[in-house]
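The structure appears right after this line, and notes come after that.
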Amino acid sequence: MARIAIVTGGSRGIGEAISLALKDAGATVIANYAGNDERAREFSERTGIRTYKWDVGDHQACLDSCAQIAAEVGPIDIVVNNAGITRDGTLARMSYDDWHDVMRVNLGGCFNMAKATFGGMVERGWGRIVNIGSINGQAGQYGQVNYAAAKSGIHGFTKALAQEGAKKGVTVNAIAPGYIDTDMVAAVPAPVLEKIVAKIPVGRLGQAEEIARGVAFLCSEDAGFVTGSTMSINGGQHMY
Ligand code: NDP
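To convert, note that position 135 of the sequence shown is 135 in the numbering used here; the numbers rise steadily by one, no gaps.
Structure, rendered in structure tokens:
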């Protein structure tokens with residue numbers, strides 16, 4: 001039976017690659033996005049993957065949209081919490097809104113989506129949740145106290161929820177990508193990016209597909225014994 005998967009932020013960047021990898025693996029994929037209608041329409045026409053627009057930071061919107069998807073498509077077996085934003089700045093320059101927006105979307109989104117879907121997975125005795133963290137949640141990063149805190153929180157959230165799902169056939173894992181060649185990284189100033197790449201042992205940025213292959217494995221039947229783990233896919237940075 002084909003599994004039904006939701007990928008948040010699934011219409012571009014790493015999320016697009018994840019949506020395609022899960023589709024290739026046989027899942028019926030729904031890609032969520034926040035506001036870029038043109039990109040979502042182009043993605044949907046090109047891939048045949050349905051898109052649904054809502055803000056993952058909005059608790060009620062997650063509950064309502066997941067209920068709508070369950071009614072229109074079927075029970076949700078797989079959730080990939082990939083949607084994420086940055087609002088960088090040193091602590092001195094970071095506003096409370098910059099802090100709150102990032103916590104709300106990057107960490108709050110994982111809670112909201114789990115509240116909407118985890119119970120159904122437990123009832124049916126099978127489920128996969130994969131949360132996209134970050135190397136900067138593991139190591140910290142200058143000018144990112146909000147992002148590093150939210151991503152670090154994802155790793156704790158993952159281990160805690162994995163314990164609730166472990167005996168029920170529901171695995172919960174995280175992937176911590178290093179620097180991946182997407183719009184998010186394109187926003188980093190070139191001189192800063194050059195310094196970042198110089199510190200990556202394999203000597204290049206990662207590709208979105210390299211993260212997607214890890215997600216596809218964690219969502220597969222074969223990964224039933226993997227739970228509460230964080231897979232670091234970062235070109236050899238921070239080898240711990
Ligand atoms: P992009 O900025 O390229 O894409 C972000 C995606 O998330 C878009 O689809 C966007 O929708 C969606 N999104 C943003 N906010 C919301 C929201 N509130 N509700 C629903 N969807 C939302 O990001 P990347 O592909 O680079 O990153 C994907 C994930 O990987 C993020 O969690 C990021 O933190 C993480 N990551 C990325 C790294 C990198 O090097 N790129 C490194 C480590 C982690 P829309 O198209 O409508 O704007």
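We put the CB at the ideal spot given by N, CA and C, even for glycine. Computed from a predicted structure; not experimentally measured.
Residue range of the alpha helix (DSSP H) that residue i falls in?
i, result
"K23", "G13 to D24"
"V215", "A208 to L218"
"A223", "From DSSP, A223 is part of no alpha helix (DSSP H); its letter is neither H nor E."
"A190", "A190 to A198"
"A61", "H59 to E72"
"T47", "D37 to T47"
"V172", "Premise fails: V172 lies in the beta strand (DSSP E), V170 to P177, not in any alpha helix (DSSP H)."
Am I right that residue i and residue j are in contact with their C-beta atoms under 8 angstroms? What's the rounded C-beta distance?
i, j, result
"A216", "A25", "5 angstroms"
"G169", "G127", "7 angstroms"
"N36", "W99", "Their Cβ separation, rounded to whole angstroms, is 24 angstroms, which puts N36 and W99 out of contact at 8 angstroms."
"I69", "Y52", "7 angstroms"
"T174", "T158", "At residue 174 the sequence reads Ala, which differs from the Thr that was named. Their Cβ separation, rounded to whole angstroms, is 4 angstroms, which keeps A174 and T158 in contact under 8 angstroms."
"C110", "N82", "Not confirmed; about 10 angstroms, so no contact."
When every heavy atom of ligand 1 is checked, does at least one fall within less than 7 angstroms of the C-beta of residue i?
i, result
"T8", "yes"
"G140", "no"
"A70", "no"
"G84", "yes"
"D183", "yes"
"P177", "yes"
"N106", "yes"
"S11", "yes"
"G74", "no"
"N146", "no"
"G35", "yes"
"G57", "yes"
Just tell me which of the options has its CA closest to the CA of residue i.
i, options, result
"I211", "Q163, I135 and Y142", "I135"
"A160", "V188, G228 and I4", "G228"
"N187", "G13, T8, A2 and G74", "Residue 187 is actually Ala in this sequence, not Asn. Closest by alpha carbon: G13."
"T117", "A71, G15, Q237 and Q144", "A71"
"N131", "Y142, F225, R124 and N106", "N106"
Where do the ends of the beta strand (DSSP E) carrying residue i lie?
i, result
"G133", "Element bounds for G133: n/a, residue is neither H nor E."
"R204", "Here R204 belongs to no beta strand (DSSP E), and DSSP marks it neither H nor E."
"T230", "T230 to I233"
"R50", "R50 to K53"
"A186", "No beta strand (DSSP E) holds A186; the alpha helix (DSSP H) holding it covers D183 to A186."
Could you check if residue i belongs to the surroundings of ligand 2, using beta carbon to heavy atom distance under 7 angstroms?
i, result
"N32", "The model depicted lacks ligand 2 and carries ligand 1 instead."
### Message
I'd like the ranges of any alpha helix (DSSP H) spanning at least 4 consecutive residues and lying wholly in the region 78-157.
### Response
96-102, 108-124 and 135-139
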